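Residue numbers (our numbering): 47 to 181. Where is the CB? At the ideal position from N, CA and C, for every residue including glycine. Note that the coordinates shown come from a computational prediction; the quantities given were computed from them, not determined experimentally. All remarks here apply to the structure that follows.
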Amino acid sequence: MRRPPLAPTVAAVLLGSAVLLPDLACNRPARGTEDAPSAEQKRTAADLFATRCATCHGPRGRGDGPAASALSPRPRDLTDRNWQASVTDDYLEKIIASGGPAVGKSPSMPANPDLFDKPAIVRALRAHIRGLPTR
47 MRRPPLAPTV AAVLLGSAVL LPDLACNRPA RGTEDAPSAE QKRTAADLFA TRCATCHGPR
107 GRGDGPAASA LSPRPRDLTD RNWQASVTDD YLEKIIASGG PAVGKSPSMP ANPDLFDKPA
167 IVRALRAHIR GLPTR
């Protein structure tokens with residue numbers, strides 16, 4: 047049995063909601079409206095950066111961590127002003143959680159699957175990287 051088409055007004059409302067409010071439809075805040083990281087989230091992000099990221103990216107994010115010399119390609123210098131300007135927040139959050147292969151980069155950049163269900167911590171890590179002094 048064939049379903050009757052939706053009434054034009056219902057279809058327009060549903061379509062308009064999906065087009066105008068895509069982030070609400072996905073149960074996440076619209077980009078830029080999420081809360082700034084709390085002090086606790088910032089501490090967690092700094093700790094995670096120090097224990098997971100600094101091994102390759104270095105404590106200041108310059109790509110000069112103790113494991114960097116053994117990697118090819120070398121880890122990204124996260125303080126590079128041009129690179130910072132060239133990547134989106136979504137890109138940073140994706141590579142933080144899903145690793146290099148998720149964005150077409152080196153498999154040496156590991157995923158952090160324990161962060162998949164912790165978007166606030168991923169945002170705090172992204173903010174930490176964005177807050178590194180650039181050069």
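**Residue environment, D81, which counts as buried when at least 16 other CB atoms sit within 10 Å** = Along the sequence shown, one-based indexing puts residue 81 at 35. Exposed is the call here.
**Request:** Would you check if the distance between the CB atom of L94 and the CB atom of L171 is smaller than 9 angstroms?
**Result:** Working through the sequence shown from its first residue, we reach residue 94 at position 48. Working through the sequence shown from its first residue, we reach residue 171 at position 125. Their beta carbons are under 9 angstroms apart, which means L94 touches L171 by this criterion.
**Asked** Can you tell me the Cα-Cα spacing of T180 and G146, whole angstroms?
**Response** What you label residue 180 is simply residue 134 of the sequence shown in a count that begins at 1. What you label residue 146 is simply residue 100 of the sequence shown in a count that begins at 1. One C-alpha to the other measures close to 22 angstroms.
**Message:** According to DSSP, simplified to helix, strand and coil, what is N158?
**Reply:** Counted from its first residue, the sequence shown places residue 158 at position 112. Here N158 sits in coil by DSSP.
**Prompt:** From this set, R176, S115, A166 and A92, which residue's C-alpha is nearest D135's C-alpha?
**Reply:** For the purposes of this step, residue 135 is taken as the residue at position 89 of the sequence shown. The candidate whose alpha carbon is nearest that of D135 is R176.
**Prompt:** Counting along the chain, where does the alpha helix (DSSP H) carrying V168 start and finish?
**Reply:** By one-based count along the sequence shown, residue 168 stands at place 122. Taken as a continuous stretch (DSSP letters only), the alpha helix (DSSP H) holding V168 covers P165 to R176.
**Request:** For V107, count neighbouring C-beta atoms within 10 Å of its own C-beta (all shown protein chains included) and say buried if the count is 16 or more, exposed if not.
**Result:** Locating residue 107 in the sequence shown gives position 61, where the first residue counts as 1. A small fix is needed here, since residue 107 is Gly in this sequence, not Val. Buried: at least 16 other Cβ atoms inside 10 Å.
**Request:** Return yes when the Cβ of F162 is within less than 9 angstroms of the Cβ of A131, no when it is not.
**Result:** Within the sequence shown, numbered from 1, the residue matching residue 131 stands at position 85. Within the sequence shown, numbered from 1, the residue matching residue 162 stands at position 116. Their beta carbons are not under 9 angstroms apart, which means A131 does not touch F162 by this criterion.
**Prompt:** Is it right to say G104 is buried, meaning 16 or more other beta carbons lie within 10 angstroms of its own, or is it exposed?
**Reply:** Position 58 of the sequence shown holds residue 104. The residue in question, G104, is buried, as its Cβ has 16 or more Cβ neighbours within 10 Å.
**Request:** Alpha carbon to alpha carbon, how far is I167 from G111? Give it in angstroms, no decimals.
**Result:** Start at 1 with the first residue of the sequence shown, and residue 111 comes out as number 65. Start at 1 with the first residue of the sequence shown, and residue 167 comes out as number 121. Answer to the nearest angstrom: the Cα atoms are 22 angstroms apart.
**Item:** Residues of its chain near A92, where Cβ-Cβ distance is below 8 angstroms and the 5 sequence neighbours each way are ignored
**Value:** On the sequence shown, residue 92 is found 46 positions in, with the first residue counted as 1. Excluding residues within five positions, the ones whose Cβ falls inside 8 angstroms are H174.
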